[in-house]
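Chains as they are written, first to last, in our numbering: chain A, 1 to 473; chain B, 474 to 577.
All C-beta atoms, glycine included, are put in the ideal place defined by N, C-alpha and C.
Just so it is clear, the structure is predicted and the values come from calculations on it, not from any experiment.
One structure is given below, encoded as structure tokens.
Quick look at the structure:
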């Protein structure tokens with residue numbers, strides 16, 4: 001596909017055919033080679049054709065082909081004339097990342113890291129077909145869906161101040177449970193408080209390098225060698241069922257004729273069907289917030305037990321990277337409300353935005369970008385420019401370049417474990433095949449992804465962290 | 474996922490699915506396997522008595538799933554969480570050949 005270069009690391013698919021707006025791609029020439037290998041650009045062009053899309057369809061530096069929308073896709077729609085689409089959010093609704101800081105240094109943890117990881121592995125249920133330890137009634141599940149992380153904190157999982165350090169304060173208020181199918185509830189009941197499998201992980205990390213001292217200090221990250229904990233997971237089977245149900249319901253209501261891709265099925269945002277999906281999606285978002293809240297609580301308990309204290313283990317932040325939200329953005333010189341879809345993209349709000357917690361408002365929100373298994377992850381700060389550039393969004397991770405099948409053919413999980421051990425990284429997993437599928441070679445270079453983010457202005461680099469212990473589902 | 478060949482027909486689930494077209498029928502049919510695994514820990518071994526009928530509003534499928542309940546004796550690999558329409562293909566060629574991408 002022909003792209004116009006608009007500037008360093010900025011490309012455009014000009015408006016053509018049925019496109020209502022252009023598509024803008026933030027990528028280096030190197031990352032663009034990967035992006036061109038799959039359907040990402042065709043999918044971005046399809047998104048640009050959707051009704052009510054505002055300004056541009058955006059593609060983040062870590063983009064790769066998804067279902068319908070590309071992963072690393074951002075699109076905003078007018079709430080009156082525009083749409084909402086489950087394909088613009090993804091199946092794992094509110095897949096996201098939570099980061100905890102600690103007062104510990106690498107030296108405090110090194111000798112006990114095997115034990116620490118083994119205990120975390122024992123406490124946090126993970127893996128295929130693995131249910132949670134929490135037995136929920138339907139009534140309680142519905143409360144979780146409405147109240148998200150708030151429910152978890154009230155029930156003893158974590159601290160009240162965690163909420164102010166969570167996107168949306170851990171609860172999307174528009175959530176409604178009456179649109180969720182019995183199947184979604186059934187899938188959600190046994191899985192609350194579980195990490196899951198696939199690309200989900202829990203890492204004990206250390207700070208490798210700090211680029212922006214002021215922002216890092218605001219985020220509670222003070223020095224190289226400081227230990228952090230990162231949790232990456234989502235809304236489990238419940239979120240997948242909400243997406244599956246919505247796709248079917250929208251197909252039945254609006255038909256599939258004229259769609260370039262059935263995963264792009266959509267509804268007018270204000271229609272009954274659109275609202276039913278949106279409110280159910282918000283409920284799944286809340287489930288995922290509660291899920292990460294519970295896992296973070298168990299991690300703190302393990303640290304307290306093994307190392308003596310979890311006192312300094314404050315939450316840095318918790319971000320969603322699969323979500324649609326109604327947000328206020330300046331467009332064409334006026335402020336307006338828009339339905340922003342971020343699929344494999346992280347909100348990156350800059351200083352001053354009211355949604356950013358007061359403690360971070362001078363530097364911008366923390367943006368957490370996990371790398372692939374065993375590689376570096378990054379902490380960025382949101383920027384004011386990102387609002388202009390991408391409705392306040394940036395990348396969400398490394399982004400896959402190799403299929404799971406191919407990775408399984410090329411790599412062995414046990415070998416990866418041994419390689420990581422030689423580099424001082426402990427690995428525990430429920431599945432060696434799962435480890436092989438998540439080999440870091442199957443992903444893009446996250447360093448390049450965040451470099452582009454920083455250079456373009458989508459997110460400002462704050463710190464680089466590296467793993468010392470990895471738990472994979 | 475699991476090795477279907479190693480699953481004995483010990484437990485049965487009756488499945489019926491309605492759909493607007495054959496693509497949706499296929500997605501929903503496979504979605505039953507995901508649902509039964511996650512909620513009943515059911516591992517599908519085989520399908521008996523599969524019938525697809527044209528109805529006024531679309532298609533209807535009935536089938537009997539036979540399999541086992543997950544135990545320590547089974548080996549699982551990968552977690553299918555959703556069935557998608559991505560690059561879905563149904564081709565008629567002396568029977569049917571289908572291609573389905575699942576989300577893991």
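Interface residues of chain B facing residue i [CB-CB closer than 8 Å]
i, result
"residue 404 of chain A", "551 and 577"
"residue 128 of chain A", "549, 550, 551 and 552"
"residue 67 of chain A", "557, 558, 559, 574 and 576"
"residue 187 of chain A", "508, 511 and 512"
"residue 291 of chain A", "Here the premise fails: no neighbours, minimum Cβ distance about 14 Å."
"residue 252 of chain A", "493"
"residue 400 of chain A", "Within 8 Å Cβ-Cβ: nothing; residue 400 of chain A doesn't reach chain B, min ~11 Å."
Cα-Cα separation between residue i and residue j, rounded to whole angstroms
i, j, result
"residue 461 of chain A", "residue 379 of chain A", "7 Å"
"residue 136 of chain A", "residue 33 of chain A", "47 Å"
"residue 395 of chain A", "residue 450 of chain A", "8 Å"
"residue 284 of chain A", "residue 145 of chain A", "6 Å"
"residue 351 of chain A", "residue 365 of chain A", "7 Å"
"residue 239 of chain A", "residue 8 of chain A", "37 Å"
"residue 1 of chain A", "residue 255 of chain A", "29 Å"
"residue 153 of chain A", "residue 160 of chain A", "6 Å"
"residue 229 of chain A", "residue 121 of chain A", "13 Å"
"residue 292 of chain A", "residue 306 of chain A", "21 Å"
"residue 237 of chain A", "residue 212 of chain A", "38 Å"
"residue 109 of chain A", "residue 346 of chain A", "30 Å"
"residue 384 of chain A", "residue 317 of chain A", "19 Å"
"residue 453 of chain A", "residue 164 of chain A", "26 Å"
"residue 250 of chain A", "residue 501 of chain B", "14 Å"
"residue 376 of chain A", "residue 498 of chain B", "43 Å"
"residue 218 of chain A", "residue 311 of chain A", "18 Å"
"residue 4 of chain A", "residue 26 of chain A", "12 Å"
"residue 302 of chain A", "residue 151 of chain A", "22 Å"
"residue 107 of chain A", "residue 21 of chain A", "53 Å"
"residue 55 of chain A", "residue 47 of chain A", "12 Å"
"residue 49 of chain A", "residue 565 of chain B", "32 Å"
7 Å Cβ cut-off: residues of chain A touching residue i
i, result
"residue 554 of chain B", "91, 237 and 240"
Element boundaries [beta strand (DSSP E), containing residue i]
i, result
"residue 537 of chain B", "531 to 542"
"residue 121 of chain A", "Segment 113 to 123 is the alpha helix (DSSP H) holding residue 121 of chain A; no beta strand (DSSP E) there."
"residue 270 of chain A", "It is not in any beta strand (DSSP E) - residue 270 of chain A carries neither H nor E in the DSSP assignment."
"residue 335 of chain A", "334 to 343"
"residue 126 of chain A", "Careful: residue 126 of chain A lies outside any beta strand (DSSP E) and carries neither H nor E."
"residue 7 of chain A", "4 to 7"
"residue 183 of chain A", "First-last for residue 183 of chain A: 182 to 188, but that is the alpha helix (DSSP H), not the beta strand (DSSP E)."
"residue 319 of chain A", "315 to 320"
"residue 97 of chain A", "96 to 105"
Integer-rounded CB distance, given that residue j should sit under 8 Å from residue i
i, j, result
"residue 495 of chain B", "residue 523 of chain B", "So it is not a contact: roughly 13 Å between Cβ atoms."
"residue 59 of chain A", "residue 23 of chain A", "7 Å"
"residue 561 of chain B", "residue 573 of chain B", "6 Å"
"residue 397 of chain A", "residue 105 of chain A", "That belief does not hold up - the Cβ atoms of residue 397 of chain A and residue 105 of chain A are roughly 27 Å apart, past 8 Å."
"residue 344 of chain A", "residue 440 of chain A", "Contact doesn't hold; Cβ gap of about 18 Å is too wide."
"residue 458 of chain A", "residue 348 of chain A", "6 Å"
"residue 470 of chain A", "residue 426 of chain A", "7 Å"
"residue 432 of chain A", "residue 406 of chain A", "The pair is not a contact, with the Cβ atoms about 17 Å apart (cut-off 8 Å)."
Within chain B, partners of residue i - CB distance below 7 Å
i, result
"residue 198 of chain A", "552 and 577"
"residue 244 of chain A", "504 and 555"
"residue 438 of chain A", "None at all; the shortest Cβ gap to chain B is about 11 Å."
"residue 414 of chain A", "Neighbours of residue 414 of chain A on chain B: none; closest Cβ ~15 Å, over 7 Å."
Per-residue contacts from residue i into chain B (C-beta, under 9 Å)
i, result
"residue 433 of chain A", "550 and 551"
"residue 273 of chain A", "Per Cβ cutoff of 9 Å: no residues; residue 273 of chain A is ~15 Å from chain B at best."
Residue range of the unbroken alpha helix (DSSP H) whose run includes residue i
i, result
"residue 40 of chain A", "40 to 47"
"residue 237 of chain A", "236 to 254"
"residue 34 of chain A", "29 to 37"
"residue 503 of chain B", "495 to 513"
"residue 405 of chain A", "404 to 410"
"residue 416 of chain A", "413 to 422"
"residue 449 of chain A", "446 to 456"
"residue 141 of chain A", "138 to 147"
Where residue i meets chain A, residues with beta-carbon distance less than 8 Å
i, result
"residue 497 of chain B", "248 and 251"
Inset, instruction - Count the CB pairs spanning the stretch 188 to 202 of chain A and the stretch 113 to 126 of chain A that are closer than 8 Å, and state whether there are at least three. - result: yes
Inset, instruction - Count the C-beta pairs between the stretch 194 to 213 of chain A and the stretch 223 to 242 of chain A that are closer than 8 Å, then say yes if the count reaches three, no if not. - result: yes
Inset, instruction - Please confirm if the stretch 79 to 94 of chain A is in contact with the stretch 311 to 322 of chain A, defined as three or more CB-CB distances below 8 Å between the two stretches. - result: yes
Inset, instruction - Determine, using beta-carbon pairs with one atom in the stretch 552 to 563 of chain B and one in the stretch 494 to 512 of chain B, whether at least three such pairs fall under 8 Å. - result: yes
Inset, instruction - Could you say if the stretch 71 to 80 of chain A and the stretch 260 to 275 of chain A meet the contact criterion of at least three C-beta pairs nearer than 8 Å? - result: yes
Inset, instruction - Please confirm if the stretch 437 to 453 of chain A is in contact with the stretch 30 to 47 of chain A, defined as three or more CB-CB distances below 8 Å between the two stretches. - result: yes
Inset, instruction - Could you tell me whether the stretch 480 to 487 of chain B touches the stretch 33 to 46 of chain A, using the rule of 3 or more Cβ pairs below 8 Å? - result: no
Inset, instruction - Please determine if the stretch 271 to 285 of chain A and the stretch 169 to 183 of chain A are in contact, where contact requires at least 3 C-beta pairs separated by less than 8 Å. - result: yes
Inset, instruction - Examine the Cβ distances between the stretch 510 to 517 of chain B and the stretch 530 to 550 of chain B and report whether three or more of them are shorter than 8 Å. - result: yes
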